[in-house]
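Residue numbers (the UniProt record's numbering): 1 to 564. Glycine is no exception: its CB is placed at the ideal position from the N, C-alpha and C atoms. No experiment lies behind these values; they were computed from the predicted model shown. See below for the structure under consideration.
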Amino acid sequence: MSGACIARAGPASSHPKKLFGRARGSTFKRSVVARREEPATALATKAVKGAETVSSAWRGDPSTAPATKAAKGAGWISDELPDEVDVCIIGAGIGGLSCAALLGRYGVSVAVAEAHTVAGGAAHGFHRGGFEFDSGPSYFLGLTSPPGESINGVRQVLDAVGETVDAVVYNSLKFYLPDGQFTCVADRECYRDAIRRFAGEGAVAEWDSLEAAMAPLGEAAVAIPFAGMRADAGVLLTMAKYVAPLVKALGGGPKGAAGFEDAKMLRENFSVLVDEHVTNPWLRNMLDLECFVISGLKADQTSATIMAFTFLERHKKEGCVYDYPIGGSQALVDALVRGTRKFGGKVALASPVAQVVMEGDRAAGIELKSGRVIRARRAVVSNASVWDTVARLLPPEVTAARRARGDDVHTDSTPLCGSFVHLHLGIDAAGLPPPAELGIHHLVVKDWGLGVDGDRNVFNISIPTCLDPSQAPPGKHTVHIYGAANEPFEAWEGVDRTSPEYAAMKAAAADDLYAALERVIPDIRSRVEVEMVATPLTQRRFVKKHKGTYGPGIDMTRHNLYGA
């Protein structure tokens with residue numbers, strides 16, 4: 001590449017969060033993905049057991065709560081950036097770190113600049129009052145697959161750079177719906193039984209029809225993993241073993257033209273298939289719910305490809321399980337940071353980027369808010385949101401030129417998913433059911449009539465200490481609940497975070513979150529020892545996302561793929 005370019009890092013995130021599948025083994029068990037050669041580094045992903053706890057409840061802003069005295073891993077350590085590298089990367093989220101680690105693996109020098117004091121973006125962890133918390137995602141799968149067999153993008157990156165994480169596997173999720181509740185073990189028959197209970201035999205038949213239609217799409221969706229794609233002559237080697245499944249997926253195999261139709265269907269939205277096979281209102285609501293939890297969008301805007309992965313996992317011969325990394329999502333971040341540094345890459349924390357340095361039409365580096373410039377010989381990659389990249393990081397004259405050319409479709413015309421309200425709690429676990437019975441994950445829906453994307457209508461709940469007790473002092477649990485990308489930023493925009501109005505809005509949000517939590521732990525309020533309420537303003541402040549958004553609310557189908 002002669003001259004640098006500016007590009008945005010694609011999200012090499014964990015595989016879409018799958019809700020159902022076929023069981024393997026017991027309710028949960030610990031799985032070591034691969035044995036580490038350096039035992040000392042393993043400590044970075046594990047919490048300090050018996051950490052100090054506070055005697056009175058902490059209720060306040062996450063940024064001002066007392067920090068836990070816990071071991072901090074690679075994602076908490078900052079590097080000094082060199083003056084010049086091949087590629088500068090803005091943001092140490094999962095996408096930016098995955099990009100950095102892979103570039104380093106192939107001999108490209110990288111410098112990653114992160115605004116926060118810890119790497120990870122929406123996946124970073126934090127410590128308060130003796131407890132460890134995930135700031136964001138907690139649904140994972142594919143972390144414990146055999147080497148070379150995982151369809152989890154992050155796991156594929158870790159395999160490529162020789163890094164691992166330890167994980168616990170489990171197989172159940174609890175649903176609290178307007179019309180009842182059920183525990184769904186990751187088993188095809190269990191979900192069919194739930195459909196039968198809530199919607200009758202006719203809905204079961206519709207589900208079976210949809211499953212049959214989705215099965216070949218799953219095979220087509222995974223015909224070529226991203227790790228097999230590269231831009232040099234080596235592609236002939238990496239792609240060789242995928243030729244047969246690719247030919248089959250595109251219709252050249254035993255399935256003939258049908259295979260080609262399967263591959264084309266992956267470009268549609270999931271609702272095309274739902275409309276063809278499902279009429280039952282309850283089942284359609286559940287499918288919308290599954291899409292919304294995975295993508296932040298309903299079935300009519302969720303790609304069939306994403307759902308094909310989900311259905312493929314259900315039909316794995318060896319069974320299906322969920323994973324939770326020991327040490328939480330920060331353990332994955334730490335592993336990516338280690339993988340970046342292993343090949344000479346640098347990750348600087350508390351280093352916000354002021355702007356991309358341009359030389360004509362060429363992105364030549366980044367300028368930090370401190371005034372320091374890091375030059376890029378080949379490229380600048382932004383892991384910031386598309387809105388922040390275009391409106392905040394590009395020089396005004398570049399943005400003006402884009403507008404003059406009429407090509408700023410990625411900002412003005414791109415819809416946003418909603419933001420979040422969060423509640424992070426450290427609670428007393430005395431008298432609660434055993435961890436295996438209580439369970440890590442719970443999903444609450446208040447009212448089907450509001451739609452799964454209705455304001456504060458769907459809530460995700462995680463109790464990670466049910467699987468990883470090291471994240472809390474003995475006899476305690478950590479709890480995280482959030483509205484599933486269903487909080488409008490407009491209600492919070494312009495509100496002073498120090499004002500009584502903001503405090504009242506946070507209290508009202510907390511009440512809604514507690515009400516959902518009470519379906520899982522009825523006396524939750526009396527158990528609280530540490531409480532932190534986060535809002536869209538918190539999301540914008542710490543994750544640096546435009547309007548605190550979950551991401552683009554794009555209809556990711558063939559009619560709306562930019563440049564496709």
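Query, Result
"Tell me which residues share the same chain as residue 142 and place their Cβ nearer than 6 Å to its Cβ, disregarding the 5 neighbours each side in the sequence.", "15, 150, 151, 152 and 155"
"Please name the residue in 489, 163, 543 and 528 whose C-alpha comes closest to that of residue 131.", "528"
"Just mark residue 325 as buried or exposed, buried being the case when its beta carbon has 16 or more other beta carbons within 10 Å.", "buried"
"Along the chain, where does the alpha helix (DSSP H) containing residue 355 start, and where does it finish?", "Here residue 355 belongs to no alpha helix (DSSP H); instead the beta strand (DSSP E) covers 353-359."
"Going by DSSP, which residues form a beta bridge with residue 522?", "Paired residue(s): none; residue 522 is not in a bridge."
"Among 72, 78, 74 and 73, which residue has its Cα nearest to the Cα of residue 348?", "78"
"Report the residue from 392, 100, 474 and 417 whose alpha carbon sits nearest the alpha carbon of residue 352.", "392"
"For residue 322, which residues does DSSP report across the bridge?", "170"
"How big is the Cα-Cα spacing for residue 168 and residue 207?", "30 Å"
"Does residue 526 pass the burial test, meaning 16 or more other C-beta atoms within 10 Å, or should it be called exposed?", "exposed"
"Need the endpoints of the beta strand (DSSP E) that residue 140 sits in, please.", "Residue 140 -> no beta strand (DSSP E), and no H or E assigned at all."
"Should the segment 471-488 be called in touch with the segment 370-387, which here means at least 3 C-beta pairs below 8 Å?", "no"
"Determine contact between the segment 363-382 and the segment 122-140, defined as no fewer than three beta-carbon pairs at a distance below 8 Å.", "no"
"Just the Cα atoms here: how many angstroms apart are residue 365 and residue 116?", "20 Å"
"Tell me, which residues are paired with residue 505 by DSSP?", "BP columns for residue 505 are empty, so no partner."
"Over what stretch of residues does the alpha helix (DSSP H) that includes residue 190 continue unbroken?", "188-199"
"Secondary structure at residue 303, three-state DSSP: helix, strand or coil?", "strand"
"Using alpha carbons as the reference points, say which of 447, 461 and 462 lies closest to residue 455.", "447"
"Let's test the definition: count the other Cβ atoms within 10 Å of the Cβ of residue 369 and tell me whether it reaches 16, buried, or not, exposed.", "exposed"
"What first and last residue would you give for the alpha helix (DSSP H) that runs through residue 275?", "270-277"
"Could you check where the beta strand (DSSP E) with residue 452 kicks off and where it finishes?", "Premise fails: residue 452 is in no beta strand (DSSP E) and is neither H nor E."
"Counting C-beta neighbours from all protein chains within 10 Å, is the total for residue 540 16 or more, i.e. buried, or is it exposed?", "buried"
"Would you kindly work out how many angstroms separate the C-alpha atoms of residue 432 and residue 523, rounded to a whole number?", "10 Å"
"Classify residue 359 as buried or exposed, calling it buried when 16 or more other Cβ atoms lie within 10 Å of its own Cβ.", "exposed"
"Please report the Cβ distance between residue 329 and residue 125, rounded to the nearest whole angstrom; I am assuming they are in contact, meaning their Cβ atoms lie under 8 Å.", "6 Å"
"Does the segment 108-123 come into contact with the segment 333-347, if we say contact requires no fewer than three beta-carbon pairs (one atom in each stretch) closer than 8 Å?", "yes"
"Starting from residue 329, trace the alpha helix (DSSP H) in both directions and tell me its first and last residue.", "329-342"
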